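This report refers to the structure that appears directly beneath it.
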Amino acid sequence: MAVTYEQLVELLGGAESDPHFSSFVSDVGEVADIMRMEYAAFYDFPAAGLSVIFGDGVLQSILFHFTTASNKCGEFKRYEGPLPAAISADDRRSDVWKKLGMKAARTELVPGADRRQQYHWDHFYIGSVELTFDFHSVTNVMTSLSIQLASPSRTPQDREA
């Protein structure tokens, strides 16, 4: 896959019919598994370890699979492409905070499918992009990263204005 993290960020907010998205699909090098619903479309690229989510025709979110349930059951390969701030899929929670040079703007403790498991969702804002890292609460292993355009009311800069 010849796609950079910066190219993925540029897709956020774009239309499903955007030529940049078509180019991205070609660059991924695999046929997407597409599921359409009334107001959403899900493009899964299992070999690349990526999921792309459109809502109302606009690219809302990109999910990078590292050790998700989909990885564990063999549905998705682990994403091995570039990430921001030299972050790698093997980084733990403290590594990510250190590489980003900041604490999470907010953290949620979220139950897993197995009630014995919990996950930390750490939200960071870099410019207009919200990055949500998902870490297992006991091992601090990163399970996924999702990126989306930040809601203006959520970014620290906009809350201070």
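Quick note on this note's numbering: the sequence shown kicks off at 2 and runs consecutively.
Beta carbons: idealized from backbone N, C-alpha and C, even for Gly.
Keep in mind the model is a prediction, meaning the values are calculated, not measured.
- When DSSP states are grouped into helix, strand and coil, E109 belongs to the strand group.
- The Cβ-Cβ distance between H137 and Q119 falls below 9 angstroms.
- Exclusion of the five residues before and after V142 leaves T68, R93, F136 as the residues of its chain whose Cβ lies within less than 7 angstroms of its Cβ.
- Rounded to the nearest whole angstrom, the CA to CA distance from E131 to I63 is 11 angstroms.
- Assignment of L150 by DSSP, reduced to helix, strand and coil, places it in the strand class.
- Going by DSSP, Q61 is part of the beta strand (DSSP E) stretching over 59-66.
- Assigned with DSSP and collapsed to three states, S52 falls in strand.
- For V32, no beta strand (DSSP E) encloses it, and the DSSP letter there is neither H nor E.
- The C-alpha of H66 is placed about 7 angstroms away from the C-alpha of L146.
- Taking all protein chains shown into account, V53 has 16 or more neighbouring C-beta atoms within 10 Å of its C-beta and is therefore buried.
- If you look at D96, you'll find it in the alpha helix (DSSP H) that goes 94-101.
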